[in-house]
Amino acid sequence: MAENLMHAIQYSSYGGGAAGLKHVEVPVPTPKKDEVLLKLEATSLNPVDWKMQKGMLRPLFPRKFPYIPGTDVAGEVIKIGSAVKNYKAGDKVVALLSHSSGGGLAEFAVAKESLTVARTPEVSAAEGAGLPVAGLTAYQALNQFAGVKLDGSGQQVNLLITAASGGVGQYALQLAKLGNTHVTATCGARNMDLVKSLGADEVLDYKTPDGAALKSPSGRKYDAVIHCATGIPWSTFEPNLSAKGKVIDITPDASAVMTFVLKMLTFSNKRLVPLLMIPKRKNLDYLVKLVKEGKIKTVIDSKHLLSRAEDAWAKSIDGHATGKIIVEP
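Residue numbers (the working numbering): 4 to 332.
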(Lines of atoms letter the chains of each structure in order from A and count residues from 1; the text may use other names and numbers.)
(Lines give C-alpha, C1' and ligand atoms only; values in the text may rest on other atoms or scores of the structure.)
Protein backbone atom coordinates (compact mmCIF):
# COMPACT_ATOMS: atom_id res chain seq x y z
CA MET A 1 0.00 0.00 0.00
CA ALA A 2 1.28 3.43 -0.92
CA GLU A 3 2.52 5.59 1.94
CA ASN A 4 -0.50 7.91 2.16
CA LEU A 5 -3.31 5.70 0.86
CA MET A 6 -5.70 3.67 3.01
CA HIS A 7 -8.28 0.95 2.54
CA ALA A 8 -11.86 2.22 2.88
CA ILE A 9 -15.45 1.21 2.09
CA GLN A 10 -17.62 3.65 0.16
CA TYR A 11 -20.76 3.91 -1.94
CA SER A 12 -21.37 6.25 -4.84
CA SER A 13 -25.17 6.39 -5.13
CA TYR A 14 -28.35 5.66 -3.19
CA GLY A 15 -29.50 2.07 -2.80
CA GLY A 16 -27.70 -1.18 -3.41
CA GLY A 17 -27.50 -2.47 0.16
CA ALA A 18 -24.39 -4.49 1.00
CA ALA A 19 -23.71 -5.06 -2.71
CA GLY A 20 -23.51 -1.28 -3.19
CA LEU A 21 -20.42 -1.03 -0.95
CA LYS A 22 -17.08 -0.83 -2.77
CA HIS A 23 -13.56 -1.49 -1.43
CA VAL A 24 -11.29 1.37 -2.46
CA GLU A 25 -7.84 2.88 -1.84
CA VAL A 26 -8.16 6.58 -0.99
CA PRO A 27 -5.83 9.20 0.52
CA VAL A 28 -5.51 9.26 4.31
CA PRO A 29 -7.47 12.38 5.41
CA THR A 30 -5.68 15.42 6.83
CA PRO A 31 -7.00 16.87 10.11
CA LYS A 32 -8.23 20.47 10.09
CA LYS A 33 -7.10 22.72 12.94
CA ASP A 34 -9.85 21.51 15.33
CA GLU A 35 -9.56 17.82 14.37
CA VAL A 36 -7.54 14.73 15.26
CA LEU A 37 -6.42 12.03 12.82
CA LEU A 38 -7.22 8.57 14.18
CA LYS A 39 -5.84 5.16 13.30
CA LEU A 40 -9.08 3.23 13.71
CA GLU A 41 -9.30 0.13 15.90
CA ALA A 42 -13.08 -0.40 15.81
CA THR A 43 -16.16 1.08 14.14
CA SER A 44 -19.73 0.35 15.19
CA LEU A 45 -22.61 0.31 12.70
CA ASN A 46 -26.02 1.88 13.38
CA PRO A 47 -29.29 1.51 11.43
CA VAL A 48 -28.97 5.17 10.40
CA ASP A 49 -25.90 4.17 8.32
CA TRP A 50 -27.83 1.95 5.90
CA LYS A 51 -30.91 4.20 6.06
CA MET A 52 -28.72 7.00 4.65
CA GLN A 53 -27.54 4.71 1.85
CA LYS A 54 -31.17 3.82 1.12
CA GLY A 55 -31.95 7.53 0.67
CA MET A 56 -34.20 7.81 3.73
CA LEU A 57 -32.36 10.95 4.97
CA ARG A 58 -32.06 12.75 1.66
CA PRO A 59 -31.48 15.59 0.96
CA LEU A 60 -29.66 16.05 4.30
CA PHE A 61 -27.30 13.07 4.19
CA PRO A 62 -25.06 12.07 2.61
CA ARG A 63 -23.95 15.54 1.54
CA LYS A 64 -21.99 14.20 -1.45
CA PHE A 65 -20.86 11.00 -3.15
CA PRO A 66 -18.73 8.96 -2.95
CA TYR A 67 -19.38 8.54 0.77
CA ILE A 68 -17.51 6.49 3.40
CA PRO A 69 -20.17 5.46 5.97
CA GLY A 70 -19.75 4.96 9.72
CA THR A 71 -19.67 7.51 12.54
CA ASP A 72 -18.98 5.59 15.79
CA VAL A 73 -15.26 4.92 16.17
CA ALA A 74 -12.47 4.11 18.59
CA GLY A 75 -8.78 4.34 17.82
CA GLU A 76 -5.43 5.97 18.44
CA VAL A 77 -4.55 9.61 17.79
CA ILE A 78 -1.86 9.81 15.06
CA LYS A 79 -1.79 13.53 14.35
CA ILE A 80 -3.52 16.64 15.76
CA GLY A 81 -4.69 19.90 14.23
CA SER A 82 -3.04 23.17 15.22
CA ALA A 83 -5.86 24.22 17.59
CA VAL A 84 -6.29 20.86 19.38
CA LYS A 85 -5.58 21.21 23.11
CA ASN A 86 -6.61 17.98 24.83
CA TYR A 87 -4.97 15.23 22.80
CA LYS A 88 -1.57 14.15 21.56
CA ALA A 89 -0.27 11.38 19.31
CA GLY A 90 -0.61 7.99 21.01
CA ASP A 91 -3.79 8.81 22.99
CA LYS A 92 -6.58 6.21 22.81
CA VAL A 93 -10.01 7.73 22.20
CA VAL A 94 -13.66 7.22 21.31
CA ALA A 95 -15.19 9.64 18.82
CA LEU A 96 -18.42 10.46 17.01
CA LEU A 97 -17.86 11.51 13.40
CA SER A 98 -20.37 13.75 11.66
CA HIS A 99 -23.02 12.15 9.45
CA SER A 100 -22.28 14.74 6.78
CA SER A 101 -18.68 13.59 6.29
CA GLY A 102 -18.77 10.02 7.72
CA GLY A 103 -15.49 8.14 7.40
CA GLY A 104 -15.75 5.28 9.90
CA LEU A 105 -15.39 2.30 7.55
CA ALA A 106 -11.72 2.94 6.82
CA GLU A 107 -8.26 2.48 8.31
CA PHE A 108 -7.98 6.17 9.30
CA ALA A 109 -10.51 8.95 9.99
CA VAL A 110 -10.58 12.54 11.20
CA ALA A 111 -12.71 13.50 14.21
CA LYS A 112 -13.59 16.86 15.72
CA GLU A 113 -11.90 17.39 19.08
CA SER A 114 -15.30 18.57 20.39
CA LEU A 115 -16.79 15.05 19.96
CA THR A 116 -13.72 13.02 20.99
CA VAL A 117 -13.17 11.60 24.49
CA ALA A 118 -10.32 9.74 26.16
CA ARG A 119 -10.48 5.95 26.53
CA THR A 120 -8.59 4.14 29.28
CA PRO A 121 -7.21 0.57 28.92
CA GLU A 122 -10.23 -0.84 30.82
CA VAL A 123 -12.46 0.06 27.85
CA SER A 124 -11.72 -1.98 24.73
CA ALA A 125 -11.93 -0.36 21.29
CA ALA A 126 -15.03 -2.41 20.43
CA GLU A 127 -16.79 -1.47 23.70
CA GLY A 128 -15.98 2.20 23.16
CA ALA A 129 -17.02 2.24 19.52
CA GLY A 130 -20.46 0.92 20.46
CA LEU A 131 -21.26 3.96 22.58
CA PRO A 132 -21.61 7.18 20.55
CA VAL A 133 -24.94 7.07 18.66
CA ALA A 134 -26.69 4.28 20.59
CA GLY A 135 -25.41 5.23 24.05
CA LEU A 136 -26.04 8.95 23.63
CA THR A 137 -29.55 8.29 22.28
CA ALA A 138 -30.37 6.09 25.28
CA TYR A 139 -28.87 8.64 27.70
CA GLN A 140 -30.82 11.56 26.23
CA ALA A 141 -34.10 9.61 26.17
CA LEU A 142 -33.79 8.72 29.85
CA ASN A 143 -32.21 11.87 31.22
CA GLN A 144 -33.98 14.55 29.21
CA PHE A 145 -37.41 13.06 28.50
CA ALA A 146 -38.17 10.10 30.79
CA GLY A 147 -37.24 11.95 33.97
CA VAL A 148 -34.87 9.23 35.19
CA LYS A 149 -32.09 10.50 37.46
CA LEU A 150 -29.12 8.23 36.85
CA ASP A 151 -27.75 8.77 40.37
CA GLY A 152 -30.70 6.79 41.76
CA SER A 153 -32.43 9.77 43.35
CA GLY A 154 -35.97 10.89 42.58
CA GLN A 155 -39.29 9.05 42.53
CA GLN A 156 -39.56 5.62 40.96
CA VAL A 157 -40.29 5.69 37.24
CA ASN A 158 -42.13 2.79 35.60
CA LEU A 159 -40.44 2.30 32.23
CA LEU A 160 -41.10 0.21 29.16
CA ILE A 161 -38.19 -0.37 26.77
CA THR A 162 -39.10 -1.91 23.41
CA ALA A 163 -36.47 -3.90 21.46
CA ALA A 164 -34.34 -3.98 24.61
CA SER A 165 -31.75 -6.35 23.10
CA GLY A 166 -30.87 -3.98 20.25
CA GLY A 167 -28.14 -1.33 20.13
CA VAL A 168 -30.00 1.51 21.87
CA GLY A 169 -32.21 -0.78 23.95
CA GLN A 170 -29.36 -2.57 25.74
CA TYR A 171 -27.81 0.75 26.83
CA ALA A 172 -31.22 2.23 27.78
CA LEU A 173 -31.92 -0.78 30.00
CA GLN A 174 -28.56 -0.68 31.78
CA LEU A 175 -28.64 3.10 32.24
CA ALA A 176 -32.24 2.99 33.48
CA LYS A 177 -31.29 0.52 36.21
CA LEU A 178 -28.73 3.03 37.56
CA GLY A 179 -31.79 5.15 38.41
CA ASN A 180 -34.84 4.46 40.56
CA THR A 181 -36.80 2.53 37.94
CA HIS A 182 -38.98 -0.52 37.39
CA VAL A 183 -38.23 -1.69 33.86
CA THR A 184 -40.43 -3.84 31.63
CA ALA A 185 -38.56 -4.82 28.46
CA THR A 186 -39.59 -6.42 25.17
CA CYS A 187 -37.38 -8.62 23.00
CA GLY A 188 -37.44 -11.89 21.05
CA ALA A 189 -37.63 -15.21 22.94
CA ARG A 190 -33.95 -16.00 22.29
CA ASN A 191 -32.80 -12.82 24.05
CA MET A 192 -34.97 -12.96 27.18
CA ASP A 193 -32.20 -14.32 29.41
CA LEU A 194 -29.75 -11.65 28.20
CA VAL A 195 -32.27 -8.87 28.84
CA LYS A 196 -32.95 -10.21 32.36
CA SER A 197 -29.19 -10.31 33.00
CA LEU A 198 -28.94 -6.62 32.00
CA GLY A 199 -31.39 -5.75 34.79
CA ALA A 200 -34.94 -5.89 33.41
CA ASP A 201 -37.56 -6.46 36.13
CA GLU A 202 -40.06 -7.95 33.67
CA VAL A 203 -39.44 -9.28 30.15
CA LEU A 204 -42.03 -9.72 27.40
CA ASP A 205 -41.59 -11.83 24.26
CA TYR A 206 -42.91 -9.41 21.65
CA LYS A 207 -44.43 -12.30 19.64
CA THR A 208 -46.80 -13.40 22.44
CA PRO A 209 -50.27 -11.77 22.82
CA ASP A 210 -49.25 -9.94 26.02
CA GLY A 211 -45.96 -8.91 24.42
CA ALA A 212 -47.70 -7.56 21.33
CA ALA A 213 -50.13 -5.66 23.58
CA LEU A 214 -47.18 -4.37 25.70
CA LYS A 215 -48.99 -5.35 28.91
CA SER A 216 -46.84 -5.27 32.06
CA PRO A 217 -47.02 -8.69 33.79
CA SER A 218 -47.45 -6.89 37.12
CA GLY A 219 -50.21 -4.67 35.73
CA ARG A 220 -48.18 -1.44 35.96
CA LYS A 221 -48.87 1.57 33.78
CA TYR A 222 -45.78 3.10 32.19
CA ASP A 223 -44.64 6.63 33.03
CA ALA A 224 -42.36 6.53 29.99
CA VAL A 225 -41.62 4.26 27.06
CA ILE A 226 -38.20 4.23 25.40
CA HIS A 227 -39.42 3.06 22.00
CA CYS A 228 -36.56 1.41 20.11
CA ALA A 229 -38.67 -0.85 17.87
CA THR A 230 -40.73 0.12 14.82
CA GLY A 231 -44.25 -0.56 13.60
CA ILE A 232 -46.14 -0.24 16.92
CA PRO A 233 -49.15 2.13 16.63
CA TRP A 234 -50.04 4.74 19.24
CA SER A 235 -53.26 2.83 19.96
CA THR A 236 -51.17 -0.03 21.43
CA PHE A 237 -49.23 2.30 23.73
CA GLU A 238 -52.05 4.55 24.97
CA PRO A 239 -53.96 2.10 27.25
CA ASN A 240 -50.67 1.08 28.92
CA LEU A 241 -49.56 4.61 29.82
CA SER A 242 -49.99 6.31 33.18
CA ALA A 243 -51.96 9.58 33.32
CA LYS A 244 -48.99 11.63 32.09
CA GLY A 245 -47.17 8.84 30.29
CA LYS A 246 -44.80 9.60 27.40
CA VAL A 247 -43.62 7.51 24.48
CA ILE A 248 -40.10 8.61 23.50
CA ASP A 249 -39.69 7.47 19.89
CA ILE A 250 -36.04 7.14 18.83
CA THR A 251 -36.88 6.47 15.13
CA PRO A 252 -39.92 8.67 14.54
CA ASP A 253 -41.67 8.29 11.18
CA ALA A 254 -44.36 10.50 9.63
CA SER A 255 -47.19 8.93 11.66
CA ALA A 256 -45.23 9.45 14.90
CA VAL A 257 -44.80 13.14 14.08
CA MET A 258 -48.55 13.38 13.31
CA THR A 259 -49.35 11.81 16.70
CA PHE A 260 -46.94 14.22 18.40
CA VAL A 261 -48.68 17.23 16.81
CA LEU A 262 -52.18 15.88 17.50
CA LYS A 263 -51.42 15.30 21.20
CA MET A 264 -50.00 18.83 21.48
CA LEU A 265 -53.03 20.39 19.78
CA THR A 266 -55.50 18.50 21.99
CA PHE A 267 -53.54 19.27 25.19
CA SER A 268 -53.39 15.53 25.91
CA ASN A 269 -51.50 14.51 29.07
CA LYS A 270 -50.25 11.42 27.25
CA ARG A 271 -47.61 12.41 24.73
CA LEU A 272 -45.47 11.03 21.96
CA VAL A 273 -42.01 12.65 21.90
CA PRO A 274 -39.90 12.29 18.73
CA LEU A 275 -36.25 12.14 19.80
CA LEU A 276 -33.54 13.90 17.82
CA MET A 277 -30.23 12.96 19.44
CA ILE A 278 -27.98 15.96 20.07
CA PRO A 279 -24.45 14.73 20.83
CA LYS A 280 -22.51 16.28 23.69
CA ARG A 281 -18.93 15.47 24.55
CA LYS A 282 -19.54 15.51 28.33
CA ASN A 283 -22.28 12.88 27.95
CA LEU A 284 -20.06 10.64 25.83
CA ASP A 285 -17.28 11.02 28.40
CA TYR A 286 -19.77 10.04 31.14
CA LEU A 287 -20.76 6.88 29.23
CA VAL A 288 -17.13 5.83 28.62
CA LYS A 289 -16.46 6.27 32.37
CA LEU A 290 -19.48 4.08 33.22
CA VAL A 291 -18.03 1.31 31.03
CA LYS A 292 -14.63 1.76 32.70
CA GLU A 293 -16.27 1.43 36.14
CA GLY A 294 -18.17 -1.70 35.07
CA LYS A 295 -21.55 -0.02 35.59
CA ILE A 296 -22.65 -0.61 32.00
CA LYS A 297 -21.24 -2.77 29.21
CA THR A 298 -21.46 -2.91 25.45
CA VAL A 299 -23.23 -6.07 24.33
CA ILE A 300 -21.49 -7.08 21.09
CA ASP A 301 -23.48 -9.01 18.49
CA SER A 302 -20.59 -9.77 16.16
CA LYS A 303 -17.21 -8.57 14.94
CA HIS A 304 -16.28 -8.33 11.26
CA LEU A 305 -13.04 -7.45 9.48
CA LEU A 306 -13.01 -4.28 7.37
CA SER A 307 -12.25 -6.54 4.39
CA ARG A 308 -15.68 -8.17 5.01
CA ALA A 309 -17.58 -5.01 5.99
CA GLU A 310 -20.45 -5.92 3.65
CA ASP A 311 -21.27 -8.87 5.96
CA ALA A 312 -21.65 -6.45 8.87
CA TRP A 313 -23.75 -4.13 6.68
CA ALA A 314 -26.10 -6.97 5.66
CA LYS A 315 -26.45 -8.04 9.30
CA SER A 316 -27.42 -4.50 10.33
CA ILE A 317 -30.02 -4.27 7.53
CA ASP A 318 -31.47 -7.63 8.65
CA GLY A 319 -32.46 -5.90 11.91
CA HIS A 320 -32.09 -8.79 14.36
CA ALA A 321 -28.69 -8.02 15.88
CA THR A 322 -28.34 -8.56 19.63
CA GLY A 323 -26.35 -5.50 20.71
CA LYS A 324 -23.74 -3.82 18.53
CA ILE A 325 -22.19 -4.84 15.20
CA ILE A 326 -18.46 -4.00 15.15
CA VAL A 327 -16.06 -3.67 12.21
CA GLU A 328 -12.31 -3.91 12.89
CA PRO A 329 -9.35 -3.23 10.54
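No residue lacks a Cβ here, since even glycine has one placed at the ideal position from N, Cα and C.
DSSP places Lys249 within a strand segment (E or B) once states are collapsed to three. Around the beta-carbon of Leu134, 16 or more other beta-carbon atoms lie within 10 Å, marking it buried. Around the beta-carbon of Arg66, fewer than 16 other beta-carbon atoms lie within 10 Å, marking it exposed.
Of the other Cβ atoms in all chains shown, fewer than 16 fall within 10 Å of the Cβ of Lys224; this residue is therefore exposed. The alpha-carbon separation between Ala86 and Ser258 amounts to approximately 44 Å. Going by DSSP, Phe263 is part of the alpha helix (DSSP H) stretching over 257-268. When only Cα atoms are considered, Cys190 and Ser310 end up about 31 Å apart.
Following the DSSP letters along the chain, one finds Tyr142 inside the alpha helix (DSSP H) bounded by residues 135-143.
For the pair Ile251 and Leu244, the Cα-to-Cα distance works out to about 12 Å. Taken atom to atom, the span from the alpha-carbon of Phe64 to that of Met55 is near 6 Å. With a cutoff of 8 Å on beta-carbon distance, Ala92 and Arg122 are scored as not near each other. Contact between Gln177 and Leu153 fails: their C-beta atoms lie close to 10 Å from each other, not under 8 Å.
Its chain contains Ser15, Ser16 as the residues whose beta carbon lies nearer than 7 Å to that of Phe68, once the 5 sequence neighbours on both sides are disregarded; these appear in chain order. When DSSP states are grouped into helix, strand and coil, Gln13 belongs to the strand group.
Shown here, Asp288 sits in a helix according to DSSP, grouped into three states.
The stretch 78-141 contains, as complete alpha helix (DSSP H) runs of 4+ residues, the segments 128-132 (chain order).
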